[in-house]
Amino acid sequence: MSRTSTVFRATMSLDVTSYTSILEGADVTEAAMEFPTEDALAHLDNLLLGFIVPIISFSILGLATNITNIIVFIKMGLQETTTISMLALAVSDFICCLLSLWTYVCYIPAFRDLPNLPFNSVEVSMETGVIIRPFFTRTGALITAYITLERCLCVVLPMKVKTIITTKVTRITMVIIYLITLLPYISHQFQATLGWKFYPHLNRTMIGTVHVNDPVASVALQVNTFVVGFFYLLLASVTIFVCTTFLVITLARNSKWRESVSSQTRPSSSSDESGNSKPSGSRKENRLMKMVVAIALLFIFCHIPAIVSIFLATFSTDFFRTGRYGSFIILLSSIQFAFEVVNNSLNFFLYYMMGTKFKGVFRQMVGLARKTVSS
Numbered sequence: 417m418s419r420t421s422t423v424f425r426a427t428m429s430l431d432v433t434s435y436t437s438i439l440e441g442a443d444v445t446e447a448a449m450e451f452p453t454e455d456a457l458a459h460l461d462n463l464l465l466g467f468i469v470p471i472i473s474f475s476i477l478g479l480a481t482n483i484t485n486i487i488v489f490i491k492m493g494l495q496e497t498t499t500i501s502m503l504a505l506a507v508s509d510f511i512c513c514l515l516s517l518w519t520y521v522c523y524i525p526a527f528r529d530l531p532n533l534p535f536n537s538v539e540v541s542m543e544t545g546v547i548i549r550p551f552f553t554r555t556g557a558l559i560t561a562y563i564t565l566e567r568c569l570c571v572v573l574p575m576k577v578k579t580i581i582t583t584k585v586t587r588i589t590m591v592i593i594y595l596i597t598l599l600p601y602i603s604h605q606f607q608a609t610l611g612w613k614f615y616p617h618l619n620r621t622m623i624g625t626v627h628v629n630d631p632v633a634s635v636a637l638q639v640n641t642f643v644v645g646f647f648y649l650l651l652a653s654v655t656i657f658v659c660t661t662f663l664v665i666t667l668a669r670n671s672k673w674r675e676s677v678s679s680q681t682r683p684s685s686s687s688d689e690s691g692n693s694k695p696s697g698s699r700k701e702n703r704l705m706k707m708v709v710a711i712a713l714l715f716i717f718c719h720i721p722a723i724v725s726i727f728l729a730t731f732s733t734d735f736f737r738t739g740r741y742g743s744f745i746i747l748l749s750s751i752q753f754a755f756e757v758v759n760n761s762l763n764f765f766l767y768y769m770m771g772t773k774f775k776g777v778f779r780q781m782v783g784l785a786r787k788t789v790s791s
């Protein structure tokens with residue numbers, strides 16, 4: 417099996433066909449891609465059932481919080497570049513939560529084993545949830561990287577950043593990010609699609625995954641999954657880590673500066689009225705910088721399992737080919753899935769706690785305040 421296929425297994429989490437082949441100690445072939453055996457499903461159930469309730473719960477939470485984020489950002493207006501980026505991130509997170517919810521509903525045994533269900537829930541969830549979701553996950557990763565990079569430019573080039581990163585540039589960048597992450601999904605449609613197929617062990621015909629043996633499409637799929645599954649995540653993670661480190665250092669430096677100014681101006685009646693104190697615009701930038709750092713740290717923490725998967729796939733290709741570690745691979749992929757759902761769900765609380773304007777608009781929207789805070 418090629419290295420790109422191995423990376424695909426590690427990064428496109430919860431790939432049931434890969435799990436089946438791992439449990440059977442075989443490569444992913446057409447035979448291995450059929451409906452999993454009862455033993456394989458029982459083994460999957462033991463490992464995945466524990467994740468169903470928390471993932472479904474966080475997915476529902478994420479749907480609610482991201483709908484709220486989208487509404488609040490639209491009410492705030494799209495005159496600021498950061499608002500546009502965070503709106504695009506909220507849309508991506510909302511879709512990820514929706515696909516996560518659908519995927520795990522299909523894994524619930526009571527739903528999966530319904531006698532009159534016209535489709536194979538595991539295979540349908542693969543094509544309509546599991547395989548699509550990583551593309552939106554990478555979209556969110558690249559948008560987060562863009563947000564942190566923009567904050568760094570605000571520090572490095574404070575006088576020029578407004579002319580470099582405009583609202584128009586940000587809108588175009590968001591569209592490009594969505595296109596470069598979602599267009600590769602088209603190659604999968606030439607490799608597999610949904611259609612009617614007969615399942616001998618059930619003696620019935622249902623809608624399931626129909627695979628097409630197209631060598632060109634297979635190569636394109638491997639290249640695209642390598643780019644989306646490996647390169648985009650690596651690029652985003654490195655960018656976020658470097659930019660976050662820079663922002664943390666900058667915040668620490670600003671904190672020391674404020675302490676120094678405070679100690680010098682303490683005898684005076686009001687430090688805010690002294691010429692040495694920072695203007696309100698700088699305080700607003702610091703608040704925004706802290707919020708971006710919090711978003712980035714949440715991203716880094718929640719993507720540790722994905723980074724571990726990439727590390728194992730890169731330096732130990734046999735690790736994902738043998739059945740010896742099958743249970744661990746399934747567990748790692750499930751943890752990766754769960755952590756990503758958490759990341760998709762919690763940004764609202766960061767916005768509310770650290771974004772003054774966001775908090776004001778939200779409180780007005782739900783009737784807790786009479787007017788919004790403009791700063």
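At position 325 of the sequence shown the residue is numbered 741 (the numbering used here), and the sequence of numbers has no breaks.
The beta-carbon is built from N, C-alpha and C at its ideal position, and this holds for glycine as well.
Just so you know, these numbers come straight off a predicted model, no measurement behind them.
Please report the distance separating the alpha-carbon of residue i from that of residue j.
i, j, result
"T544", "R669", "48 Å"
"I593", "H627", "29 Å"
"T609", "F657", "37 Å"
"L651", "S725", "15 Å"
"K578", "F774", "21 Å"
"T641", "S676", "51 Å"
"L533", "L465", "20 Å"
"S684", "R703", "Because S684 sits at a pLDDT of 49, beneath the cut-off of 50, its placement in the model cannot be relied upon, and the following sentence gives the value as read from the coordinates. In a straight line, the C-alpha of S684 is about 26 Å away from that of R703."
"L595", "K672", "43 Å"
"A506", "T621", "39 Å"
"E689", "R699", "Only weak support is given to the placement of E689: the predicted model assigns it a pLDDT of 44, under 50, and the value that follows is read from those uncertain coordinates. Approximately 14 Å, taken between the alpha carbons."
"S687", "V591", "Reliability fails at S687, whose pLDDT of 44 lies under 50, so the model's placement of it is uncertain and the value that follows must be treated cautiously. Taking the straight line from one Cα to the other gives about 45 Å."
"I471", "A754", "6 Å"
"L784", "G776", "9 Å"
"T660", "G611", "46 Å"
"M575", "V469", "49 Å"
"V644", "T597", "6 Å"
"A448", "S653", "With a pLDDT of only 37 at A448, under 50, the local geometry of the prediction cannot be trusted, and the value read off the model is given with reservation. Cα to Cα, A448 sits roughly 33 Å from S653."
"F467", "I623", "26 Å"
"Y604", "I716", "Position check: residue 604 holds His in this sequence, whereas Tyr was assumed. Between H604 and I716, the C-alpha separation is close to 28 Å."
"E496", "I580", "13 Å"
"I588", "I511", "20 Å"
With a threshold of 8 Å on Cβ separation, who are the neighbours of residue i within its own chain once the five nearest residues in sequence on each side are excluded?
i, result
"I487", "M781"
"L503", "N485, I486, F489, I490, L494"
"E701", "C570"
"L663", "T564, R567, C568, V571, M705, V708, V709, A712"
"W518", "S541, T544, G545"
"I548", "L515, Y601"
"F527", "V521, L533, S537"
"T666", "V571, M705"
"L573", "I580"
Secondary structure at residue i, three-state DSSP: helix, strand or coil?
i, result
"H604", "helix"
"M575", "coil"
"I723", "helix"
"T621", "strand"
"L533", "coil"
"G645", "helix"
"G611", "strand"
"V628", "coil"
"A448", "Residue placement at A448 is flagged as unreliable, the pLDDT there being 37, under the threshold of 50; the coordinate-derived value follows with that caveat. Coil, per DSSP."
"E701", "helix"
"G493", "coil"
"G783", "coil"
"T389", "Because the chain here runs from 417 to 791, residue 389 falls outside it and cannot be looked at."
"I547", "coil"
"G478", "helix"
"A470", "Residue identity check: residue 470 is Pro in the sequence provided, not Ala. The answer is helix: DSSP assigns P470 an H, G or I state."
"T582", "coil"
Among the options, which has the Cα closest to the Cα of residue i?
i, options, result
"Q607", "P600, N629, I623, R528", "N629"
"V757", "V507, S516, I602", "S516"
"C513", "P550, N536, V540", "P550"
"V585", "W612, S671, T498, Q638", "T498"
"L728", "I745, V469, T583", "I745"
"L637", "P600, I723, M575", "P600"
"L766", "C718, A754, L714", "L714"
"T655", "Y562, E496, S501, I547", "Y562"
"S501", "T560, R779, P531", "T560"
"K613", "V639, I588, P631, F535", "F535"
For residue i, decide whether its Cβ has a neighbour in chain C, counting only Cβ atoms nearer than 9 Å.
i, result
"H617", "Among the protein chains of the structure shown there is no chain C, as only one such chain exists."
Go through its chain and collect everything with a Cβ distance to residue i's Cβ below 6 Å, but skip five positions before and after it.
i, result
"L477", "S761"
"I751", "P721"
Quick one: what's got a C-beta closer than 7 Å to residue i's C-beta in the same chain, skipping five residues either side?
i, result
"G771", "M707"
"D509", "G478, N482, G556, N760, N763"
"S634", "Q607"
"L558", "I593, T597, Y648, A652"
"I723", "S653"
Practice task
Flag this pair as touching only if the segment 475–482 and the segment 522–536 have three or more C-beta atom pairs under 8 Å; answer yes or no.
Solution key: no
Practice task
Would you check if the segment 610–628 and the segment 565–584 touch, i.e. whether three or more CB-CB distances between them fall below 8 Å?
Solution key: no
Handout entry: the segment 537–556 in contact with the segment 634–651 per 3-pair CB rule at 8 Å
Key = yes
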